[in-house]
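Peer 1:
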Amino acid sequence: MIIAILYGSTFVIFLGLDYLGLSYIVKPVFEKDVKDLLHESPRLGPALMFYAFYIAVLLWFVSWPAIQNGHSLSWVFASAALLGAMAYGTYEFTNLATIKGWTWRMVVTDLIWGTLLTGTAATAGVFATRAVATPS
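Taken in order, the sequence shown gives residues 22 to 157; the numbers are from the numbering used here.
#1: Please determine if the segment 60-72 and the segment 94-104 are in contact, where contact requires at least 3 C-beta pairs separated by less than 8 Å.
#2: Which residues bound the alpha helix (DSSP H) around valine 50?
#3: Exposed or buried, which one is leucine 117 when buried takes at least 16 other CB atoms within 10 Å?
#4: Take isoleucine 76 and list the residues in its own chain whose beta-carbon comes closer than 7 Å to its own, dropping the five residues that flank it on each side.
#5: Should alanine 100 and valine 78 be called a contact, given that it needs their Cβ atoms to be closer than 8 Å?
#6: I need the straight-line Cα distance from valine 129 to threonine 136, nearest angstrom please.
#7: In chain order, what residues of the same chain have a beta carbon less than 7 Å from the beta carbon of aspartate 39, not counting five sequence neighbours either side?
#8: Could you say which of Met70, Ala143, Asp131, Ala152 lies nearest to serine 44 if we only look at CA atoms?
#9: Helix, strand or coil: how does DSSP classify isoleucine 76 here?
#10: Ends of the alpha helix (DSSP H) at leucine 138?
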């Protein structure tokens, strides 16, 4: 039950924040440089597959160990932010190296966003889970 609360709360928080970030921070930057590469609307299937897998990995490496071992919320944020920087950095630096028109502005924007988003969602998910459930 605790893992379901942790996964569900983290997923909803991540998805909600990412919707805002993609709409108001990332998309405007990407539209300046690679507008022709963007779909009118995102493909929901691949997006949901990413979110489902990314949150599961986030729980595996950060959130569930924090619940089990009583790590502080600052530990959760820092560990999740590091994971986010690695994941978003992999995507962004690979694109910068291989796709014409990819810019440093896009890399920096998405890298910072992904780092903060991952840290915030994991921290909020752990906080919410601790508020409503106690590990057995």
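A virtual CB, placed ideally from N, CA and C, is assigned to each residue, including glycine.
Peer 2: Reading it off the structure:
#1: no
#2: 48-55
#3: exposed
#4: Tyr28, Thr31, Phe32, Phe35
#5: What sits at residue 100 in the sequence shown is serine, not alanine. No, the pair does not count as a contact, with Cβ atoms beyond the cut-off.
#6: 11 Å
#7: Leu138
#8: Asp131
#9: helix
#10: 125-153
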